[in-house]
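Visitor: Numbering (our numbering), first residue to last: 1484 to 1592. Every residue gets a Cβ at the ideal spot worked out from N, C-alpha and C, and that includes glycine. Okay, here's the structure, questions in a sec.
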């Protein structure tokens, strides 16, 4: 279901599930970075999720807290996108929560 209203392009984060609830889709869109990424509207975010195969989805926090990180060598974090905070690219906004995902490669994750 597409949102009822739209707004200006912003950095955004969302999570979705495919029709069988077997595949999770994470989307992080950078924004506020002229010449790199202006962000997306809620309608554009919904379309990205649909095109990625999401049947159900939820918009998460956006703006400077839209950050995607994976575990790198020796457990060190590796930033996968370009967040922006206080108009400073690659600066992460301090937030008190996150979503952590653990995938066991032995299980095909």
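Which runs of the beta strand (DSSP E) fall wholly inside the segment 1521-1558 and span at least 3 residues, in chain order?
Guide: The segment 1521-1558 contains these whole beta strand (DSSP E) runs: 1539-1542 and 1552-1554.
Visitor: Apart from the five residues just before and just after residue 1552, which ones in its own chain have a Cβ nearer than 6 Å to its Cβ?
Guide: 1560 and 1562
Visitor: Taking 8 Å as the threshold (C-beta atoms), are residue 1494 and residue 1545 in contact?
Guide: Cβ distance < 8 Å, so residue 1545 and residue 1494 count as in contact.
Visitor: Can you tell me which residues form a DSSP beta bridge with residue 1508?
Guide: 1499
Visitor: Under three-state DSSP, which class holds residue 1494?
Guide: coil
Visitor: Does residue 1517 come out as helix, strand or coil in the three-state DSSP assignment?
Guide: coil
Visitor: Looking at the unbroken beta strand (DSSP E) that takes in residue 1428, where does it start and where does it end?
Guide: Because the chain spans 1484 through 1592 in this model, residue 1428 falls outside it and cannot be assessed.
Visitor: To the nearest angstrom, report how far apart residue 1497 and residue 1536 are at their CA atoms.
Guide: 13 Å
Visitor: Is the distance from the Cβ of residue 1570 to the Cβ of residue 1550 below 8 Å?
Guide: no
Visitor: In the structure shown, what three-state DSSP assignment does residue 1487 receive?
Guide: Only weak support exists for where residue 1487 lies, its pLDDT of 49 falling under 50; the value from the coordinates is given anyway. Three-state result, residue 1487: coil.
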